[in-house]
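See structure below.
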Amino acid sequence: MDLDQPPERRRADAAEIASVAVALAGLAGVVILSLTDHPHRAVLLTAGLLFLLSGARALWPGRPWFASRWRWLDVAFYAGVGALVWFFSPFTATMGVV
Numbered sequence: 001m002d003l004d005q006p007p008e009r010r011r012a013d014a015a016e017i018a019s020v021a022v023a024l025a026g027l028a029g030v031v032i033l034s035l036t037d038h039p040h041r042a043v044l045l046t047a048g049l050l051f052l053l054s055g056a057r058a059l060w061p062g063r064p065w066f067a068s069r070w071r072w073l074d075v076a077f078y079a080g081v082g083a084l085v086w087f088f089s090p091f092t093a094t095m096g097v098v
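In the UniProt record's numbering, the protein residues as written are 1 to 98.
Set out below in structure tokens:
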């Protein structure tokens, strides 16, 4: 982070670094939960991360790294996919039951 930049740019850089860190931590959490035989929790974490990205995209000005061209289409997409993942998540809880 360059201290010669204006404070707004430094805040934007910090927010971008934080969002990448949260996304990577969430991905690591999904992998760890999957490897420790908790697929339902991993799917719920995925849905939660999608809802978090949806909210971040709705509030974040400009075009962050996880954005496409239209803000509200991004919000609808992330929220819609998160809702679908959450809706179908109970099926992962019964995958090993035969």
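C-beta atoms are modelled at their ideal positions from N, C-alpha and C, and glycine is treated no differently.
Fair warning: this is a prediction, and the values are worked out from it, not measured in the lab.
Check whether the stretch 36-45 touches the stretch 58-70, counting contact only when three or more Cβ pairs, one atom from each stretch, lie closer than 8 angstroms.
Flag = no, the stretch 36-45 and the stretch 58-70 do not touch.
What distance in whole Å lies between the Cβ atoms of Y78 and R57, which are believed to be in contact at a cut-off of 8 angstroms?
For this step, residue 57 is matched to residue 57 along the sequence shown. For this step, residue 78 is matched to residue 78 along the sequence shown. That pair is a contact at about 6 angstroms.
So what does DSSP say about P61, is it helix, strand or coil?
Position 61 of the sequence shown, counted from the start, is the residue given in the question as residue 61. Here P61 sits in coil by DSSP.
With distances taken between CB atoms, is the gap from G26 to L52 smaller than 9 angstroms?
Working through the sequence shown from its first residue, we reach residue 26 at position 26. Working through the sequence shown from its first residue, we reach residue 52 at position 52. Yes. Within cutoff.
If you measure between the beta carbons of H40 and P90, is that distance less than 9 angstroms?
As a position in the sequence shown, residue 40 is number 40, starting the count at 1. As a position in the sequence shown, residue 90 is number 90, starting the count at 1. Cβ distance < 9 angstroms, so H40 and P90 count as in contact.
Report the rounded CA-to-CA distance for F88 versus L50, giving the unit in angstroms.
Looking up residue 88 in the sequence shown gives position 88. Looking up residue 50 in the sequence shown gives position 50. Rounded to whole angstroms, F88 and L50 show a C-alpha spacing of 14 angstroms.
Our contact map puts V75 next to S54 with C-beta atoms below 8 angstroms; I'd like the distance itself, whole angstroms only.
Against the sequence shown, residue 75 aligns to sequence position 75. Against the sequence shown, residue 54 aligns to sequence position 54. Your pair V75 and S54 checks out as a contact, with CB atoms roughly 5 angstroms apart and the cut at 8 angstroms.
Mind checking which residues open and close the alpha helix (DSSP H) that includes A21?
The sequence position of residue 21 within the sequence shown is 21, counting from 1. Annotation: the continuous alpha helix (DSSP H) that includes A21 extends over 7-35.
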